[in-house]
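In full-length UniProt numbering, the protein residues as written are 1 to 427. Heads up, the thing below is written out as structure tokens.
See below:
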């Protein structure tokens, strides 16, 4: 349906009302939360991270699985697919809030004290991952632009799964502190690397385009710096206002949600990354406040439902009918192994060169395996930017979605193992 007039919108609204769309949404949300509760109970008894259960619930209720259900009509399956895709905005909001959490863990005093350690770990693991994934794709016969794009996307590390495990076990210590800071810096660096690689990849397949410093360097730099400036300013004024209501929890909750989600709106409108913006807001809350705001209690209250919804919806995005070919499975396997080697090996090498504590050197890489969030955003970006190579864009998106399930599960288990071995678990 083309929306050429307001009448089209009225027709769509009437269709939704006749089909009881709101009822269908409630059914889906209710079933997903019931399944999530059961999964949390099971994972608790099995002593594995709850995020693993959330992802498996998402896979179980993925569109591909539901379409194979014999007891549902074709109409019900199409409505389910539509409604699941309509929840995409929830993923953006959840990732924005997670970015705020990461930023709020960044202590300026620690950053100044351990600057070399963080810089070496992030730079070496990101560049090693980019080089290994790009090279491995070229070795198995993939074109240069495909290899460059997948290599750039591979550098992204999603904090959500790791942060949830850290909070679940109330982890504290050198490894935990370093991991949180590396996750935050890695997110920003991944966006920077992708911003520079994308125009080069596009030029390699389009001889009519020419390399431009303005397009490939200045514009991405302005957007990144703009996100930081926007976030720091919003965070500064928001934490000042929160100080006025420091004794009123309800107002603090509303203000925090308004800050994070409102800043995401502004960032998207301005074409700036809401992730970097909210990362900067969290940093401002942590370092600009002169009094105790008590936001950690608010974060603990809000993070569980947001994390749960985020991981379930991520699991539902996998499309199994596109991932059965041998070529796809080969790329997925090589990509996963090369990325894991780059993340784990590069992070350990960076920690060793910076003379980081032994626990950090041994285990830091195990917390950097998850990739959902920024990587999926970048994959969607490829799909939309490379419209003349739509098959390649879809292929990359499916690779990221498919391998994300693997890296999220391995990442959560790896983080738990690292915390156990380093002695930083508190529960």
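Cβ coordinates follow ideal geometry from the N, Cα and C atoms, glycine included.
Same chain, Cβ closer than 6 angstroms to residue i, neighbours up to 5 away in sequence not counted
i           : result
residue 105 : 180
residue 407 : 369, 370, 371
residue 356 : 117
residue 220 : 195
residue 97  : 260, 306
Per-residue burial, residue i [other beta carbons within 10 Å of its own, 16 or more giving buried]
i           : result
residue 260 : buried
residue 197 : buried
residue 239 : buried
residue 151 : buried
residue 70  : exposed
residue 182 : buried
residue 108 : exposed
residue 25  : exposed
residue 250 : exposed
residue 140 : exposed
residue 382 : buried
residue 73  : exposed
residue 36  : buried
residue 29  : exposed
residue 418 : buried
residue 272 : buried
residue 44  : exposed
residue 477 : This structure leaves residue 477 out entirely; the chain is present only between 1 and 427.
residue 99  : buried
residue 68  : exposed
residue 248 : exposed
residue 423 : exposed
residue 264 : buried
residue 279 : buried
residue 275 : buried
residue 284 : buried
residue 442 : Because the chain is modelled from 1 through 427, residue 442 falls outside the range shown and cannot be assessed.
Beta-carbon separation (whole angstroms), residue i vs residue j, contact threshold 8 angstroms
i           : j           : result
residue 405 : residue 55  : 6 angstroms
residue 146 : residue 137 : 6 angstroms
residue 148 : residue 203 : About 10 angstroms; that fails the 8 angstroms criterion.
residue 155 : residue 364 : Rounded, the Cβ-Cβ distance is 16 angstroms, inconsistent with contact.
residue 429 : residue 367 : With the chain represented from 1 up to 427, any question about residue 429 goes unanswered, as that position is not in the structure.
residue 316 : residue 86  : That pair is no contact at about 12 angstroms.
residue 318 : residue 401 : 5 angstroms
Of the residues the options, the one placed nearest residue i, counting alpha carbons only
i           : options            : result
residue 32  : 84, 77, 270        : 84
residue 243 : 334, 34, 286, 368  : 286
residue 88  : 376, 284, 24       : 376
residue 117 : 149, 421, 353, 267 : 353
residue 231 : 199, 262, 245      : 262
residue 119 : 379, 186, 65       : 186
residue 256 : 228, 270, 237, 268 : 237
residue 22  : 420, 324, 82       : 82
residue 378 : 254, 345, 157, 229 : 157
residue 288 : 258, 266, 269, 235 : 235
residue 345 : 48, 46, 129, 103   : 129
residue 392 : 324, 254, 142, 27  : 142
residue 241 : 258, 268, 270      : 258
Residue i at chain B interface by Cβ criterion, 8 angstroms
i           : result
residue 178 : Protein chains in the displayed structure number just one, and chain B is not present.
Sequence-distant residues of the same chain with beta carbon closer than 7 angstroms to residue i, five excluded per side
i           : result
residue 101 : 163, 282, 299, 303
residue 403 : 332, 335, 336
residue 161 : 51, 370, 408, 411, 412
residue 174 : 357, 359, 360
residue 172 : 424, 426
residue 312 : 32, 36, 54, 57, 58
residue 421 : 363
residue 40  : 50, 53
Other residues of its chain near residue i: CB distance less than 8 angstroms, five sequence neighbours each side excluded
i           : result
residue 246 : 252, 291, 292, 293, 294
residue 42  : 53
Residue i Cβ short of 7 angstroms to the ligand ADP heavy atom set
i           : result
residue 325 : Inclusion of the ligand ADP in the displayed structure is not the case, the ligand content being empty and no account of it being possible.
* Do the region 312–332 and the region 409–420 meet, that is, are 3 or more Cβ pairs less than 8 angstroms apart? -> no
* Asked: Taking three-plus beta-carbon pairs below 8 angstroms as touching, is the region 347–367 in contact with the region 121–128?
  -> Pairwise C-beta distances place the region 347–367 in contact with the region 121–128, as three or more of them are shorter than 8 angstroms.
* To do: May I ask you to verify whether the region 191–206 touches the region 217–228, counting CB pairs closer than 8 angstroms and requiring at least 3?
  => yes
* To do: Evaluate contact between the region 299–311 and the region 157–175, counting only Cβ atoms and requiring at least three cross-stretch pairs below 8 angstroms.
  => yes
* To do: Please determine if the region 356–365 and the region 391–405 are in contact, where contact requires at least 3 C-beta pairs separated by less than 8 angstroms.
  => no
* To do: Determine contact between the region 60–79 and the region 336–345, defined as no fewer than three beta-carbon pairs at a distance below 8 angstroms.
  => Taking 8 angstroms as the limit for Cβ pairs, the verdict is that the region 336–345 does not touch the region 60–79.
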